[in-house]
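Working notes, structure below.
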């Protein structure tokens, strides 16, 4: 389990290399547009749940066979599982384009099993606090920052609804889509699995984010 200084809002850009999980691979470029393409391919709805059944459904949604992930999103779903599916879809899209090479062992480490928080790739992604940020830092996947004004559509973003981080936190794993100016203030638009409907876009007042 990793512990880090609390942050208010954390956005993670997928920008540079996939070194730690695949030493033979180096990819330089901006993958944000590709991430957004994968979001568009995701279904809508399906209901939100953090039940054991939802976790089982997530495992079946990222089926690994013959060295390839087949992403078949199922419901109910929850936020970190939804964004992880987009992450895996992005990896497969890069592989199909010939822009990413991962050996079988590296691909196996992406499989969702019963990893505890902080354990392995999925365990980092699903961990409380800035778990995804820790994963991106360890794999040198991009830049971590806590100023939402620097965010670009397609960034992976962890929203904190309160100052508490860890066991008692209220957080939400999302993909940033942009900012909206409304008569009552500025809103943050994002994609995730959201309460109560499941997969889809949502906008919240910026003032509600801790």
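Numbering (the numbering used here), first residue to last: 30 to 239.
C-beta: ideal position from N, C-alpha, C; glycine also.
On the three-pair Cβ rule with 8 Å, is the region 68-80 touching the region 160-178?
-> Taking a contact to require three or more Cβ pairs closer than 8 Å, the region 68-80 and the region 160-178 do not qualify as touching.
Is it right to say residue 189 is buried, meaning 16 or more other beta carbons lie within 10 angstroms of its own, or is it exposed?
-> Flag for residue 189 reads buried.
Under 8 Å by Cβ, that's how I've got residue 214 and residue 235 pegged, so tell me the actual separation to the nearest angstrom.
-> About 7 Å separates the two Cβ atoms, so the contact holds.
Evaluate the contact criterion for the region 83-95 versus the region 121-132: three or more CB pairs, one atom per stretch, below 8 Å.
-> No, the region 83-95 does not touch the region 121-132.
Would you kindly report the start and end of the unbroken alpha helix (DSSP H) that includes residue 215?
-> From DSSP, residue 215 is part of no alpha helix (DSSP H) but of the beta strand (DSSP E) over 214-223.
Could I get the ranges of all uninterrupted beta strand (DSSP E) runs contained in the region 140-209, with 3 residues as the minimum, in chain order?
-> As summarised for the region 140-209, the continuous beta strand (DSSP E) elements at least 3 residues long and confined to that stretch are 185-189, given in chain order.
What separation, rounded to the nearest whole angstrom, lies between the Cα atoms of residue 192 and residue 123?
-> Distance between the alpha carbons of residue 192 and residue 123: 36 Å.
Return the chain-ordered ranges of every beta strand (DSSP E) run that is complete within the region 87-132 and spans a minimum of 3 residues.
-> Counting only runs of at least 3 residues, the region 87-132 fully encloses the following beta strand (DSSP E) elements, listed from N- to C-terminal order: 91-94, 97-100.
In the DSSP assignment, find the alpha helix (DSSP H) that holds residue 68 and state where it starts and stops.
-> Residues 61-70.
Pull up the distance between the alpha-carbon of residue 216 and that of residue 114, whole angstroms please.
-> Looking at the two C-alpha atoms, the distance is approximately 25 Å.
Give the straight-line distance between the Cα atoms of residue 209 and residue 77, rounded to the nearest whole angstrom.
-> If I take the Cα positions, the gap works out to 25 Å.
Hey, how far is the Cα of residue 59 from the Cα of residue 157?
-> Using only the alpha carbons, I get a separation of about 27 Å.
Could you tell me the boundaries of the beta strand (DSSP E) in which residue 233 lies?
-> If you look at residue 233, you'll find it in the beta strand (DSSP E) that goes 227-234.
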